[in-house]
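Per this note's numbering, the sequence shown starts with residue 3, numbered consecutively. Data block below; observations after.
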Amino acid sequence: MEDVIRAASRLVMPRGKFFMIHRPTRLVDIITLGRKYKLEPKVIQFVHPRPQKAPNLVLVQFVKDGRPELKILDPLYVYGEDGNYTKELKAIYNNKDIGEL
Numbered sequence: 003m004e005d006v007i008r009a010a011s012r013l014v015m016p017r018g019k020f021f022m023i024h025r026p027t028r029l030v031d032i033i034t035l036g037r038k039y040k041l042e043p044k045v046i047q048f049v050h051p052r053p054q055k056a057p058n059l060v061l062v063q064f065v066k067d068g069r070p071e072l073k074i075l076d077p078l079y080v081y082g083e084d085g086n087y088t089k090e091l092k093a094i095y096n097n098k099d100i101g102e103l
């Protein structure tokens with residue numbers, strides 16, 4: 003993971019963005035390494051397979067040389083209670099405007 007973050011830091015221009023998808027159990031390491039390489043976490047969103055289930059992915063947006071300010075978005079659910087994709091996930095698959103992250 004450190005190799006990826008180090009490489010991203012070299013490639014991203016100042017104020018440029020870098021996005022990472024990883025397991026939530028590694029979030030502390032992701033943030034620590036990002037800051038080590040001047041990538042400031044700006045937006046975090048947890049992805050849950052279903053409501054009432056723990057997140058299995060975390061989406062993180064970094065800004066190179068950014069100021070400390072972190073926004074936590076509402077969770078993204080892959081499947082709804084009915085077992086079908088949620089409208090938010092369908093919008094992502096259909097390349098609709100999906101918001102901030």
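Just so you know, even glycine gets a beta-carbon here, dropped at the ideal spot from N, CA and C.
Note on alanine 10: 16 or more other CB atoms within 10 angstroms of its CB, so buried under the neighbour-count rule. Within the region 12-98, the beta strand (DSSP E) runs of at least 3 residues that lie entirely inside it are, in chain order, 19-24, 41-50, 59-66.
Inclusion of isoleucine 46 and leucine 72 in the CB contact set at 8 Å is warranted, their separation being smaller than that value. At a Cβ-Cβ threshold of 8 Å, isoleucine 7 and leucine 29 do not count as neighbours. Counting C-beta pairs closer than 8 Å gives fewer than three between the region 55-69 and the region 82-91, which falls short of the contact rule.
Distance between isoleucine 33 and proline 16, taken at the CA atoms: about 18 Å. Burial is judged here by how many other beta carbons sit within 10 angstroms of a residue's own beta carbon; glycine 36 has at least 16 and is buried. Here proline 43 is not near phenylalanine 21, since their CB atoms are 8 Å or more apart.
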